[in-house]
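Colleague:
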Amino acid sequence: MPMQLFSLLLIFVFGLFSVAKAQLAPPELRCVSVEDNGDITLTWLPTADPKGQFLNYFIYTSVNGSNFTPPTSGKITNRLQNVKTFVGINFPGPTLKNYKFFIITEYFDGGIKNSIPSDTLTVIELDLSTTGIFSGTLNWNLMRTNPLPTWEGKYNLKRKLETVPPAAPPIAWTDKFATPDYSTITFKDNIARCLSDISYQIELKDASGCISKSNVAKARLEQKVGPAKMTFDQVSVNRFNGSTQLNWWGHPSNLVTSYGIFYVDPSGIKVPIDTVPASQLVYHDSDPNHDPTFSRQCYIVVAFDSCGKSQGGGQMHCTPYVVDSADDCAGEISLYWTPYVGWAEVESYDIYMRTSVDSNYRKIGSAPGRDTSFVVKKLNTQILYTFYIEARDKSGRFFGRSNLRGASFDRKGKPKFIKLRSASIVSDEEVELRVLLDRKKPFKRINMYRGINQDGPFKKVASLQPPTKNAKDTLFSLFDNSARPFQMGYYYYLEVIDLCDNAVRRSNNFRTIFLSGESNRYSMSNSLNWLTNVSSDSSAADKDVYSLYRGISKNYKSDPIRSLWSNEPSYLDDISGEVHNGDEFCYRLKLVQAPSDTFEIADTCLSNEICFKMEPDVFIPNSFTPNRDGINEVWRPKTSYINPFSNYSLKVFDRWGKLAFETMSPLEGWNGQRNNGDAPTGIYTYHLEVVTVYGSIIEYRGLFNLVR
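Note that the sequence shown covers residues 639 to 1346 in the numbering used here.
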């Protein structure tokens, strides 16, 4: 044996071994495999021995970079044996690293000799590093720098994930989880598990069928502590859809995979309501059971890792919750709210308001962060209001809105409605308004407003009390005695004034029917135009009808000359067939309003009256000079459009009232003679009666001078 060792050393150090003289080759070492128990198995192809010279196989080992040493387990005398397991090695161990093998053949060809060494193979030692729940990096060594040509070009990297405690039956390996190239000596896995044992093993198959295996690298993936507590930025009521919105910045830990949303009920119990992915940084709570209309809304956000672990929730955030109290007589609404919870300090509260006649919210004031109340003054008690409070943090970056709070002056006892049914012209100075009012509730008075344009301005023209007779009846009349409805059309509306002197109900607008026109006495026609009512009742059974009535010499017939719809605001009246009945033509419109769901009976409105008088043309001189100079010698009225042969009468009287001249002919005048002599100079009066071409009689009276 010492002689053999000496020969071997010479081979390695000086390379003096003569291949040409070797009669037997070493076996072909193909595979080195680590068993599950840490034993190491070598597999080779036996050497050929056609002359029967084989004596033994010897396996040499090197550990931790030491020199190769002869086998301590003895020689292998069976040439055909191709497997050897080294038992009890417990590879890898703290002192068992870099384990290498080669084999030589001992033979006899007249003397005992050794073959050259086989290929040296190193055991694949697999190392695994992990971090918490994440599998990390695998590192291993090459079996030899240049792979054997009989090896496959890729590794078979196997992985196994086992539950803790292990499942029954045992979990199988995932074969070919990865297939890195032979030259690869590292691999990074990205799997994460909350509590699992993870194992890896590398295999390399040889063409002979044997497989080189690494040790099994095993580690436990376990998350022991979840992400730290976190707070969130703001919680706010969405004023558009009524949901509650939470906003937060992402947790600084990259281990966070989800956020748990917890609702804190009024008793302080934290109720989980949802889980959202780590990429989501906003949440809308639309649960009808979490209605911000009825109470403040409080939440906690909890960061979870993939294992579902957390260190709990941080600061709770709560929306402000606002309520109101209305002072009916003062026209004020007091707002009270719960403070915003969640920030170190609230800088201020901004108060926003909108009305039932303006859909836009506007900021009406602010309160310091320490205050929780605000009084809104000088409000119109007729309309509705909606408020919300917006809290601002010290940095000015975050805000939290309260619930929307509707407020009104809907006092007990306020009449439910007031409606203008009609506005009818009674005379040149009076308009009658027909009113439908809820009189079951107390009120102080009714204010009447009048204007000439629908959009105003309007002026209060009267403060009235409804008639006490038949006080239970809701339909009654009010009168405007300061109007001039023959000059223009008027718009009216009414306000109910309550016991606090506040306007609590407003009626619709209603316009009088204003009739105007022009007369053409040459074409014998009258052109009429009118402004129609601006208020309509969609529940009426029929359309409004405008009936036009004509009166000749103030004598109106019971039937209208024309009935029209509201979209026909004009009419041309041909009077050529009526001129013989009189010379004055007057007109009025009557609006007939049908019954409806609101008004149980029909009603009417009358317009102003407009008249056209077909007067003749008459010129009466105011003086004459009967002094025989041939100029202005005769005083005579000059007329046209009269009937000269029907009841013409001209009388002249002196200042004592005595008749000085009289004629029945429009062609005859007074020449200044009286009682066969010159009448004295001075002032005389006249009385003229003519008959128009239409048959009506017109009288003229006046004065003129006689000058000589």
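A virtual CB, placed ideally from N, CA and C, is assigned to each residue, including glycine. Note that the coordinates shown come from a computational prediction; the quantities given were computed from them, not determined experimentally.
(1) Using alpha carbons as the reference points, say which of Q1231, G1215, G1189, I1190 lies closest to L1202.
(2) Comparing C-alpha positions only, which one of T993, A1061, R1030 sits nearest to A1045?
(3) Relative to the C-alpha of D943, which residue among E970, S933, N892 is closest?
(4) Measure the beta-carbon distance from R1039 to T1024 and round it to whole angstroms, keeping in mind my assumption that it falls under 8 angstroms.
(5) Given a threshold of 16 other Cβ atoms within 10 Å of its Cβ, counted over all protein chains shown, does A805 qualify as buried or as exposed?
(6) On a Cα-Cα basis, can you pick out the residue from D903, I1027, C848 that is closest to D962?
(7) If you count every other CB in all the chains shown that lies within 10 Å of the CB of E1133, and 16 or more means buried, which is it?
(8) Excluding the five sequence neighbours on either side, which residues of its own chain have a C-beta within less than 7 angstroms of the C-beta of R877, listed in chain order?
(9) Are the beta-carbon atoms belonging to P865 and S948 less than 8 angstroms from one another?
(10) Using 8 angstroms for Cβ pairs, my map puts T1150 next to I1063. What's the rounded Cβ distance?
(11) In its own chain, which residues sit with a C-beta less than 6 angstroms from the C-beta of T1242, not counting the 5 before and 5 after it?
(12) Less than 8 angstroms between C-beta atoms, sequence neighbours within five positions excluded: which residues of the same chain meet that for F1037?
(13) Distance, Cα to Cα, V863 vs M781?
(14) With distances taken from CA atoms, which of F696, V725, V701, F724 is nearest I714?
(15) A855 and L764 look like a contact to me (Cβ under 8 angstroms); what is the Cβ gap, rounded to whole Å?
(16) Taking the C-alpha atoms as reference points, what is the distance between P732 and L683?
(17) Pick helix, strand or coil for N1219, following the three-state DSSP scheme.
(18) What's the call for Q839, buried or exposed, on a 16-neighbour Cβ count within 10 Å?
(19) Can you name the residues that DSSP bridges to L776?
(20) Classify K1057 as buried or exposed, calling it buried when 16 or more other Cβ atoms lie within 10 Å of its own Cβ.
(21) Could you tell me whether the Cβ atoms of D1182 and S1234 are closer together than 8 angstroms?
(22) I need the DSSP call for V701, collapsed to helix, strand or coil.
(23) Since T679 and V721 should fall inside the 8 angstroms C-beta cutoff, what is the C-beta to C-beta distance between them, to a whole number of angstroms?
(24) Whole angstroms is fine: what's the gap from N927's alpha carbon to N1085's?
(25) Taking the CB atoms as reference points, tell me whether V672 and N853 lie closer together than 8 angstroms.
(26) With a threshold of 8 angstroms between beta-carbons, can Y1194 be considered close to chain C, or not?
(27) Quick check: what's the CA-CA separation for S1033 versus D966?
(28) Which residues in the same chain as L795 place their Cβ atom closer than 6 angstroms to its Cβ, once the five residues preceding and following it in sequence are excluded?
(29) Once the 5 residues before and after R1144 are set aside, which same chain residues still bring their CB inside 6 angstroms of it?
(30) Rounding to the nearest angstrom, what Cα-Cα distance links F1152 and N1091 in this structure?
(31) Indicate the three-state DSSP secondary structure (helix, strand or coil) for K1006 in the structure shown.
(32) What's the call for D883, buried or exposed, on a 16-neighbour Cβ count within 10 Å?
(33) Can you list, in chain order, the residues of its chain whose CB lies under 6 angstroms from that of Y1131, leaving out five sequence neighbours each side?
(34) What is the rounded straight-line gap between the Cα of D835 and the Cα of G946?
Modeller: Walking through what the data contain:
(1) Answer by Cα proximity: Q1231.
(2) It is T993.
(3) The residue from E970, S933, N892 with its alpha-carbon nearest to that of D943 is N892.
(4) Cβ atoms of R1039 and T1024 stay farther apart than 8 angstroms, at about 13 angstroms.
(5) Around the beta carbon of A805, fewer than 16 other beta carbons lie within 10 angstroms, which makes this residue exposed.
(6) Ranking D903, I1027, C848 by Cα distance to D962 puts I1027 first.
(7) Using a 10 angstroms sphere on the CB of E1133, the tally of other CB atoms reaches 16 or more, which defines it as buried.
(8) Excluding five sequence positions before and after R877, the CB atoms of its chain that fall closer than 7 angstroms to its own CB belong to Y1026, R1039, L1042, given in chain order.
(9) Cβ atoms of P865 and S948: closer than 8 angstroms.
(10) T1150 to I1063, Cβ: 6 angstroms. Contact.
(11) Excluding sequence positions up to five before and after T1242, its CB lies within less than 6 angstroms of the CB of K1228, V1230, all in the same chain and listed in chain order.
(12) Short of 8 angstroms from the beta carbon of F1037, and not among the five residues preceding or following it, lie these beta carbons of its own chain, in chain order: Q872, S874, E1028, A1029, R1030, D1031.
(13) For V863 and M781, the distance between alpha carbons rounds to 40 angstroms.
(14) Among F696, V725, V701, F724, the Cα nearest to that of I714 belongs to F696.
(15) Indeed, because the Cβ distance is near 4 angstroms, the residues count as touching under 8 angstroms.
(16) Just so you know, the alpha carbons of P732 and L683 end up roughly 32 angstroms apart.
(17) Judged by DSSP in its simplified three-state form, N1219 adopts helix.
(18) Sixteen is the threshold: when 16 or more other Cβ atoms of the shown chains lie within 10 Å of the Cβ of Q839, as they do, the residue is buried.
(19) Beta bridge pairing from DSSP links L776 with L766, F825.
(20) K1057 counts as buried, since no fewer than 16 other beta carbons sit within 10 angstroms of its beta carbon.
(21) Between D1182 and S1234, the CB-CB gap reaches or exceeds 8 angstroms.
(22) V701 falls in the coil class under three-state DSSP.
(23) About 6 angstroms; that satisfies the 8 angstroms criterion.
(24) Separation of N927 and N1085 (C-alpha to C-alpha, rounded to the nearest whole angstrom) is 46 angstroms.
(25) It is a contact, given that the beta carbons lie within the stated cut-off.
(26) In the structure shown, chain C cannot be found, because there is only a single protein chain.
(27) Straight across, the Cα-Cα distance linking S1033 with D966 is about 39 angstroms.
(28) Closer than 6 angstroms at Cβ, skipping near neighbours: F815, A816, I840.
(29) Closer than 6 angstroms at the Cβ level, and outside the excluded window around R1144, lie Q1020, E1133.
(30) Straight-line Cα distance between these residues: approximately 13 angstroms.
(31) Correcting the residue type first, residue 1006 is Pro in the shown sequence and not Lys. P1006 carries a strand assignment under DSSP once its states are collapsed to helix, strand and coil.
(32) Residue identity check: residue 883 is Gln in the sequence provided, not Asp. So Q883 counts as buried.
(33) So the list reads Y1087, S1145, N1147, once near-sequence residues are dropped.
(34) Note on geometry: alpha-carbon atoms of D835 and G946 lie some 18 angstroms from one another.
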